[in-house]
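First the structure, in the form of structure tokens, and then the observations on it.
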Amino acid sequence: MFFICRKIKYSDIKISVYFIKDNEYIMYYMNGTYILRKAVNKKIIILGIIFILLYTSLPSTISKPSTNQDSIYDLLILTPDSFHDLLLPLVEHKEQMGLNTKLVSLSTVYDEMFWHGRDNPEKIKYFIKYAYDYWDVHFVLLVGDFRLMPIRYIYSNEPSDYYEPRYISELYYADIYDDSGGFSDWNSNNNNVFGEWYGSHAQDTDIDLFPEVALGRLACRNSFEVKTMVNKIIHYETNTYGEEWFNRFVCVAGDTYPPGEYEFNTDPFEGEENTERSIENMTGFTPIRLWTSNGEFNGPIDVIKTINKGCGFMHFDGHASPIAWGTHGPNAGPDDPTIWGLKNYHMNFLMNGYKLPIVVAPACHNGQFDVEPIKFLHRVLFDLHLSDEPVNYGEWGRECWAWKLTSHPFGGSIATISNTGLGMSKEDKDSMDGAGDFMDIQFFVEYGNERHECLGDVWMQSVSNYIEEYPIDWNQPAGSDASIDAKTPSEWTLFGDPSLRIGGYP
16 MFFICRKIKY SDIKISVYFI KDNEYIMYYM NGTYILRKAV NKKIIILGII FILLYTSLPS
76 TISKPSTNQD SIYDLLILTP DSFHDLLLPL VEHKEQMGLN TKLVSLSTVY DEMFWHGRDN
136 PEKIKYFIKY AYDYWDVHFV LLVGDFRLMP IRYIYSNEPS DYYEPRYISE LYYADIYDDS
196 GGFSDWNSNN NNVFGEWYGS HAQDTDIDLF PEVALGRLAC RNSFEVKTMV NKIIHYETNT
256 YGEEWFNRFV CVAGDTYPPG EYEFNTDPFE GEENTERSIE NMTGFTPIRL WTSNGEFNGP
316 IDVIKTINKG CGFMHFDGHA SPIAWGTHGP NAGPDDPTIW GLKNYHMNFL MNGYKLPIVV
376 APACHNGQFD VEPIKFLHRV LFDLHLSDEP VNYGEWGREC WAWKLTSHPF GGSIATISNT
436 GLGMSKEDKD SMDGAGDFMD IQFFVEYGNE RHECLGDVWM QSVSNYIEEY PIDWNQPAGS
496 DASIDAKTPS EWTLFGDPSL RIGGYP
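In my numbering, each number is its position in the sequence shown, counted from 1, plus 15.
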């Protein structure tokens, strides 16, 4: 059997004409159904195409709920098939809390989006778009690590000493529409390399970046972690409300850029200055300042003891890798040791039970969840000049810092926001303004002043505020302030349930 396929795309409708032997068939996709019809002649094919185009030009209210109706679904959970049944208790809990929830397996996504998307990440994004358009979904929860739930890499070539050719962006899934109302594929030059920013200007331009949905990920590697997170979320939302420990706000920081090593002004203790700004916005919370300058933060034991007492929020401001977080003492010299807050193995001593904080800790790579032990071998090969692929410190961990903290079975956090790539601060910009110094604090500005009920809304509004404050000029070179302003929200990742009711349900 010999056949040729011609495809015509109109909006989200795809029409294919097949020649099978001497007969012609028309296949079209409409309202989630693939239909194959034999055509008597080409006139019928043309009439069929005209009919479908006319159909798709009708008002969208025919199949999409009107804006004044309640949502069909509030929360969409996308999961590998193997985790589907393990998530049913979470679906039941969310429904009991008043959130209409839809649980969909990846096999269903790929089947439904068979004609959509150039690869699996884009198929997932198209499905999220469908759910947003037709179900009025607001929250999207992805379940699975990078092996089980596809990721999208963004590519840039920043002229710096720290070479990072690509990083993961979860904002890719949340930014559904561009500013002209079309599907935002983050690949305007259509070369299947996404978010490119090389040389004198960006190759993929005019990416909207504004999220249409509030999105988070549970980067579960196995069924045990799924069960752990389902249990933590249900218990948090059911039992946290009114607990005294929730009103504690812990800030961990020091002198991020000590003098003598940098060309810019390093007079303030940057991390402590930033966390103090966060405290100023969190009225009603008791601040706990674990700072190197006041002697309250001298090492991991200080952080562990404080977390084990319970707190509602934490803000870490310093340096990190996928497997560690730390900072410097006041005016530390180049030979002074790093003051470690938490390395991954320190988290084994966390025993805060269900007294779970929401943690904001966007430093370098501590949210880089595509880590795996085999990368240690890749690093050796790179150091021996036997490989061209760079592997940075800590990429050989079993899990990244943020997910290790979130998935801790006996405590840790209920959710963590961290960077998947190199975390930028205002000191990395010529303007000495914005980047992580604005982005991270924005979380506490949003929650402290607006008191959003759900975690994903704080994430979503913080990202939107950043983009409004620092609009992107795509004609600037890689490594410029503009490219840093695009990267900052793109790598700022929520590990947790975006529909999480902050502080629990009353």
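The beta-carbon is built from N, C-alpha and C at its ideal position, and this holds for glycine as well.
Checklist line | C-alpha distance - G427 paired with N204, whole-angstrom precision | finding: Put simply, the backbone Cα of G427 is about 43 Å away from that of N204.
Next item on the list: List the DSSP bridge partners of C266.
Entry: The beta-bridge partner set that DSSP reports for C266 consists of R304, H330.
Note to self: Extract the residue ranges of the beta strand (DSSP E) inside the segment 365-406, only unbroken runs of 3 or more that lie entirely within it.
What the structure shows: Those beta strand (DSSP E) runs which fall completely within the segment 365-406 and span 3+ residues are 373-375.
Note to self: Quick check: W416 and P349, are their CB atoms within less than 8 Å of each other?
What the structure shows: Going by C-beta atoms, W416 is not nearer than 8 Å to P349.
Next item on the list: Sort G269, P377, W340 by Cα distance to T307 and report the nearest one.
Entry: Distance check between T307 and each of G269, P377, W340 places G269 closest, using alpha-carbon atoms only.
Next item on the list: Please go through the segment 441-521 and give each complete beta strand (DSSP E) segment of 3 or more residues, from N-terminal end onward.
Entry: You should have 507-510.
Notebook entry, point to check: Since T321 is in the alpha helix (DSSP H), which residue starts that stretch and which ends it?
Noted result: In the DSSP assignment, T321 falls within the unbroken alpha helix (DSSP H) covering 315-323.
Item checked: Cβ shell of V119 (< 6 Å), same chain only, five flanking positions each side left out -> Answer for V119: L93, listed in chain order.
Check: Does DSSP put S428 in a helix, in a strand, or in coil?
Finding: Three-state result, S428: coil.
Checklist line | C-beta contact flag for T11 and M454 at 8 Å | finding: Past the edges of the chain, shown from 16 to 521, lies residue 11, and the structure says nothing about it.
Check: Roughly how many angstroms lie between the CA atoms of E258 and D200, to the nearest whole one?
Finding: For E258 and D200, the gap between their C-alpha atoms comes out near 44 Å.
Notebook entry, point to check: Using 8 Å as the threshold, is the segment 100-114 in touch with the segment 128-145, meaning 3 or more CB pairs across them?
Noted result: They do not touch, by the three-pair rule.
Item checked: Whole-number beta carbon distance between A335 and I527, since they are thought to touch under 8 Å -> Lying before the first or after the last residue shown, residue 527 is absent from the chain, which here runs from 16 to 521.
Next item on the list: Indicate the three-state DSSP secondary structure (helix, strand or coil) for L437 in the structure shown.
Entry: For L437, the secondary structure class from DSSP, reduced to helix, strand or coil, is coil.
Margin query: Quick check: the Cα distance between T301 and R263, rounded to an integer number of angstroms?
Written below: Across the structure, T301 and R263 are spaced so that their CA atoms are roughly 5 Å apart.
Checklist line | Where V155 sits in the DSSP three-state scheme | finding: Note: V155 maps to strand in three-state DSSP.
Note to self: Could you compute how far the alpha carbon of T508 sits from the alpha carbon of L399?
What the structure shows: Cα-Cα distance, rounded: 33 Å.
Item checked: N135 to Y168 span [Cα, whole Å] -> The alpha-carbon atoms of N135 and Y168 are separated by roughly 13 Å.
Notebook entry, point to check: Run through DSSP, which three-state label would G348 get?
Noted result: DSSP places G348 in coil when its eight states are reduced to three.
Notebook entry, point to check: Helix, strand or coil for L293 per DSSP?
Noted result: The sequence as given places Ser at residue 293; Leu does not occur at that position. In this structure, S293 counts as helix in the three-state DSSP scheme.
Checklist line | Distance between A450 and S505 (C-alpha atoms, nearest Å) | finding: So the alpha carbons of these two residues sit roughly 11 Å apart.
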